[in-house]
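What the sequence shown shows, in mature numbering (1 follows the signal peptide of the UniProt record, and there is no 0), is residues -23 to -1, 1 to 70, in sequence order.
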Amino acid sequence: MPGLAVLIVSALLPFVPASPAGAALVRGARIVFSRNDDLPGTEPEIMSMTSAGTNVLALTNTPAIVDLGPVYSPDGKRIAFSRWGAGPDSQPA
């Protein structure tokens, strides 16, 4: 059912641009997701917001780096995500 949850979040929060990497994960009252504004020179960033769709916070700000796939740790205190560097030979960190 994770795909259904993402669909519901996207339908309720149309201001959050959809992207292939835009999967959301809910933990408590906050949702983490990756967002790409599709602006020149920008890449996906890790974001957080309340379950009501308010108080959107950028957790990363790395214009030339791709940040994807945020997940909460089992205790909910940390967020792990994939980071890809710039350049043709970059690899996931």
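By construction, the Cβ of each residue, glycine as well, lies at the ideal position given by its N, Cα and C atoms.
Three-state class that DSSP yields for residue i in the structure shown
i       : result
Ile42   : coil
Leu34   : strand
Pro17   : coil
Arg7    : strand
Pro47   : strand
Arg12   : strand
Arg60   : strand
Ala(-3) : Residue confidence is low: Ala(-3) scores 47 on pLDDT, short of 50, so the model does not pin down where it sits. No coordinate-derived value is stated.
Whether residue i touches residue j by CB criterion (7 Å)
i     : j     : result
Arg60 : Asp44 : yes
Ala6  : Ser28 : yes
Where the beta strand (DSSP E) containing residue i begins and where it ends
i     : result
Ser25 : Glu22 to Thr27
Buried or exposed by the 16-neighbour rule on C-beta atoms within 10 Å, applied to residue i
i     : result
Ser11 : buried
Pro21 : buried
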